[in-house]
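Participant: Right, I'll just put the structure down here and ask away after.
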Amino acid sequence: MKAKIAELIAANVPDLSVEDITTLIEIPPKPELGDFAFPCFRLAKTMRKAPQMIAAEIAEKIGSQDFLSEIKVEGAYLNFFVNKDMFAKGILTNALDENYGSAEDGKGKTVCIDYSSPNVAKNFHVGHLRTTIIGNSLYKIFSKLGYHVERINHLGDWGTQFGKLIVAYKNWGNEDAVKERGVAELMELYVKFHEEAEKNDSLNDEARAWFVKMEQGDEEALKIWQWFKDISLQEYKGTYALLGVDFDHYTGESFYRDMTDDIVGKLTEAGLLTESEGARVVKLDEYDMPPCLVVKNDGSSIYATRDLAAVLYRKKTFNFDKCLYVTGQEQKLHFAQVFKVIELLGYDWAKDSLVHIPYGLVSLEGAKLSTRNGNVIYAEDILLEAVAKIKEIIEEKNPELPDKDNTARKIGVGAVLFNDLYNQRIKDVSFKWEKLLNFDGETGPYVQYTYARCASILRKQEDFAAGADIDYAALSEPETIDLIKEISRFPQVVKDAAERFEPSVVARYSVALAQSFNKFYNTVRVSVEEENLRKARLTLVYITKKIIHDSMDLLGIECPEQM
Ligand code: ARG
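Going by the working numbering, the first residue of the sequence shown is number 5, and it counts up by one from there.
Structural data, given as C-alpha cells:
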C-alpha cells in the first residue's frame, strides 16, 4: 500500500523520486488522521508555493483511486485513508499463505554461522547459552529468507590447556571419577593443575611437551584428548537437545590443526610475518591494532592461527556469501585482527563477508541459582530450574493440563530464551525469575499464552476452515484494523532482523502482535451469530496463531497448544 501511494505521489510531483517519497511517508500517530501521511514541506522550496497549496494540488491530481477511500488535506499534509475492504483483503490473503514471511532474497547464497563453540573440558555456561540461541535464531531467520545455512560448532578442542589436563589426569586423576562426573571432574583436575604448578613450575613444561606431542600426532596423547572431548560433547549435546539446537558441523579448532602450516606459508610468502621475541606475528599498527600472534615461540599454533585457517577452509568448502561469528564482545579485537589479516592476504571478499556478531554479558545477580560443586553455573541447570518452576505453577493452577512435562519444558526453556533474545544482543541481559517467568508483560510465557488462547478459540469452532470465502468488508473496528496492520509487518520484520543480525527484532514483534491480538480479543467478540463476521474474525485468530508460531520458531521457541 505504501509503495502504491509513493508511486501515485511520484507521478504527480516533478522533483522527488519514488525512494525519496517512500522515506518521507509517515504513519500518522492517530488513526483518525489516516493510514499514511505525506508531508509537503520539502516541496515548498522547489515548487515555490505554500506546502498547503501543494498538498491540495497533489490531492486533486491523484483524484479518486479504488484502493483509497479518501485523501484528505490537513495543513501541509496529505492524509491517505486506505480502502479497508481492500486493505484487509490484500494483507490477509497473503498472510494465509503457508510461506507468509518467507522470501527468496537468499536464493543461491550460503551463510556460515559459527556459534555456540564451547570449550572442551569446561562447563557450558550462560555465555555459551547466548551464542547458542542467538546463532540458532539467525540460522532460522536466514533460512526463512531462502539462504542456505551451514551451522558450525567451532569447539575449543585444541591448545595447551589439553597438555595441562593430560598432566593433571596422569598425576591425580582416575578413570572412574571422570566417567562418573564428566566435565565437573575435568574442571577440577584443571584447577588442581594450576594449584600444583604454582609450587612446581616443571609441570608447565610437562604440559607444553604434551601439547607438542598432540600436535605431532602422538597416539597416547590423542587418545586421552579424544576421550575428554567425547565426554564433554556428550554433555553439551544434552543441553542442545533441551534447547532443540543442532549443527551441521562439529568442526572444532582441532579440525584445522593440519591447515595451520599452510596459512603460515601463505603469510610468509606475502611477506606479512615479523619475528617478535621468538614468535611470529602480523603487525597491524597501521590499522590501530596490536599485532596478531600467529606462531608461538615454541612453534605451536594458537587460537588465531586456527581461525585464519578456518576462514579459508570455509570459503573453499562452502563458498559463503557471509560467515558470521557469534561470540561475546570481548572477542571483538580477535576477530578484527583475523579479518584484517585475511584481507591483507589479498582476499577482497573479507571486508563484506566476515562479520563478528557480538553480544553482551549475562548478569545472574538476583537469579538465586543452585550451583553444582565449586559454585560453577551450568546453562543446563538454569534451563532445568526454569522448567521445574513452571511445572510448579502448572500443578498449582492447572493440574488437569494434559502433557504437563512437555508443556513445562516448552514454557520454561522458552522463557529463558525469550528473556535472552528480547533486548538488542549487545545489551547485557539480566536474569530475574519473577520477570522472565511472568505470564504478563514482555515475556515468552505471555506470547505463548496468547498462542494457546488462539488455539483454544479455534478448537471450539469445528466447522471453521481458514480462508474459505471471507467477507473482508466485515472487518472494520479500529482494534481489528490495528491487528491487521500488525499482521502485515511480519515479512519486513524478518528482513530487518536478518539485515541487522538481530533476533530481538522478531522477539519484539511477537510481543507487539500478541498485545494487538489481546486488545482485539478483549474488545471484539469473535463467536457472533452472523456467519460472515464470525468467519472473518476467526480467520484473524487463525492467522495470528500461525504468525506467533512462526515468529517464536524463528527464536527457537516452541508454543504449546494448551497451557
Ligand atoms: N571457544 C570460544 C569461546 O568459548 C569461541 C569460539 C568462537 N568461534 C571462533 N571461530 N573463534 O570463547
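Glycine included, every Cβ here is placed at the ideal spot set by N, Cα and C.
The model shown is predicted, which means the values in this text are computed figures rather than measured ones.
Following the continuous beta strand (DSSP E) through Thr-447, name the residue where it begins and the one where it ends.
Facilitator: Segment: none, Thr-447 is in no beta strand (DSSP E) and carries neither H nor E.
Participant: Between Val-330 and Asp-118, which are expected to be in contact by the criterion C-beta below 8 Å, what is the C-beta distance as a whole number of angstroms?
Facilitator: Contact flag correct, Cβ pair sits at about 7 Å.
Participant: Is Tyr-329 near ligand 3, with its Cβ less than 7 Å from a heavy atom?
Facilitator: With respect to ligand 3, the structure shown offers nothing to examine, as its ligands consist of ligand 1.
Participant: For Lys-507, which three-state DSSP category applies?
Facilitator: Before going on, a small fix: residue 507 reads as Pro here, not Lys. Three-state result, Pro-507: helix.
Participant: In the DSSP assignment, find the alpha helix (DSSP H) that holds Glu-154 and state where it starts and stops.
Facilitator: From DSSP, Glu-154 is part of no alpha helix (DSSP H) but of the beta strand (DSSP E) over 152-156.
Participant: Do you know offhand how far Asn-208's Cα is from Met-191's?
Facilitator: One C-alpha to the other measures close to 17 Å.
Participant: Do Tyr-450 and Ser-508 have their C-beta atoms within less than 8 Å of each other?
Facilitator: Not a contact, by the Cβ cut-off of 8 Å.
Participant: Just checking, does the region 110-128 make contact with the region 235-242 on the three C-beta pairs under 8 Å criterion?
Facilitator: The region 110-128 vs the region 235-242: in contact.
Participant: Decide if the region 450-463 is in contact with the region 474-484; the criterion is three or more beta carbon pairs, one per stretch, under 8 Å apart.
Facilitator: With a cut-off of 8 Å, the region 474-484 and the region 450-463 do not count as touching, because too few Cβ pairs lie within range.
Participant: Let's see if you can read the secondary structure: which residues bound the alpha helix (DSSP H) around Tyr-426?
Facilitator: Taken as a continuous stretch (DSSP letters only), Tyr-426 belongs to no alpha helix (DSSP H), as it is neither H nor E.
Participant: By Cβ distance, which residues of its chain are closer than 7 Å to Phe-343, with the 5 residues on each side in sequence left out?
Facilitator: Ala-354 and Leu-358.
Participant: DSSP puts Tyr-453 in a beta bridge; with which residues?
Facilitator: The partner list for Tyr-453 (beta bridge, DSSP) is empty, contrary to what the question assumes.
Participant: Does DSSP classify Asp-24 as helix, strand or coil?
Facilitator: In this structure, Asp-24 counts as helix in the three-state DSSP scheme.
Participant: Within its chain, find whatever has a CB closer than 8 Å to the CB of Lys-65; leave out the 5 residues flanking it on each side and keep chain order.
Facilitator: Taken in chain order, the residues that qualify are Asn-16.
Participant: Tell me whether Asp-2, by its Cβ, gets closer than 7 Å to a heavy atom of ligand 1.
Facilitator: Because residue 2 is not part of the residues shown, which for the chain are 5 to 567, the question remains open.
Participant: Can you give the Cα-Cα distance for Asp-260 and Tyr-254, rounded to whole angstroms?
Facilitator: In the sequence under discussion, the amino acid at residue 260 is Tyr, which differs from the Asp named in the question. Straight-line Cα distance between these residues: approximately 12 Å.
Participant: Count the C-beta pairs between the region 135-155 and the region 94-114 that are closer than 8 Å, then say yes if the count reaches three, no if not.
Facilitator: The region 135-155 is in contact with the region 94-114.
Participant: Pick helix, strand or coil for Tyr-351, following the three-state DSSP scheme.
Facilitator: Looking at Tyr-351 - three-state DSSP - the assignment turns out to be coil, as it is neither helix nor strand.
Participant: Answer with buried or exposed for His-198, where buried requires no fewer than 16 other C-beta atoms within 10 angstroms of its C-beta.
Facilitator: Counting Cβ neighbours within 10 Å, His-198 comes out exposed, since fewer than 16 surround it.
Participant: Answer with buried or exposed for Asn-83, where buried requires no fewer than 16 other C-beta atoms within 10 angstroms of its C-beta.
Facilitator: Buried is the call here.
Participant: Measure the beta-carbon distance from Glu-334 to Arg-429 and round it to whole angstroms, keeping in mind my assumption that it falls under 8 Å.
Facilitator: About 14 Å separates the two Cβ atoms, so there is no contact after all.
Participant: With 16 as the cutoff for other CB atoms within 10 Å, does Ser-206 come out buried or exposed?
Facilitator: The residue in question, Ser-206, is exposed, as its Cβ has fewer than 16 Cβ neighbours within 10 Å.
Participant: Looking at ligand 1, does it come within less than 7 Å of Asp-252, judged from the CB to the closest heavy atom?
Facilitator: Checking the Cβ of Asp-252 against ligand 1 gives no.
Participant: For Lys-549, name the three-state secondary structure that DSSP assigns.
Facilitator: Helix, per DSSP.
Participant: Taking the beta carbon of Ser-555 as the centre, do at least 16 other beta carbons fall within 10 Å, making it buried, or is it exposed?
Facilitator: Label assigned to Ser-555: buried.
Participant: For a test of the three-state rule: what should DSSP assign to Cys-116, helix, strand or coil?
Facilitator: The answer is strand: DSSP assigns Cys-116 an E or B state.
Participant: Please confirm whether any heavy atom of ligand 1 lies closer than 7 Å to the CB of His-360.
Facilitator: No, ligand 1 has no heavy atom inside 7 Å of this Cβ.
Participant: Just to confirm my understanding: we take Tyr-151, look at its own chain, exclude 5 residues before and 5 after, and list those with CB closer than 6 Å. What are they?
Facilitator: Excluding positions up to five away in sequence, the list reads Gly-110, Lys-113 and Val-115.
Participant: Can you tell me the Cβ-Cβ gap for Ile-415 and Phe-494, rounded? I've got them flagged as a contact below 8 Å.
Facilitator: Not really, about 23 Å apart at Cβ, beyond 8 Å.
Participant: Any heavy atom of ligand 1 closer than 7 Å to the Cβ of Ala-354?
Facilitator: Ala-354 Cβ: outside cutoff for every heavy atom of ligand 1.
Participant: Buried or exposed, going by whether 16 or more other CB atoms sit within 10 Å of the CB of Thr-97?
Facilitator: When all chains shown are included, Thr-97 counts as exposed.
Participant: Between Asp-557, Val-420, Gly-186 and Gln-220, which lies nearest to Phe-443 when the distance is taken from Cα to Cα?
Facilitator: Measuring from the Cα of Phe-443, the nearest candidate turns out to be Val-420.
Participant: Let me make sure I understand the geometry here. Which of Ala-80, Gly-167, Ser-280 and Asn-204 has the alpha-carbon closest to that of Leu-226?
Facilitator: The shortest Cα separation from Leu-226 among Ala-80, Gly-167, Ser-280 and Asn-204 belongs to Gly-167.
Participant: So who's on the other strand from Gly-167, going by DSSP bridges?
Facilitator: Answer is none; Gly-167 lacks a bridge partner.
Participant: Within the present structure, is the beta-carbon of Asn-157 separated from the nearest heavy atom of ligand 1 by less than 7 Å?
Facilitator: No, the beta carbon of Asn-157 sits no closer than 7 Å to any heavy atom of ligand 1.
Participant: Can you find at least 3 beta carbon pairs, one from the region 70-85 and one from the region 33-44, that sit closer than 8 Å?
Facilitator: Because the criterion of three Cβ pairs below 8 Å is met, the region 70-85 and the region 33-44 touch.
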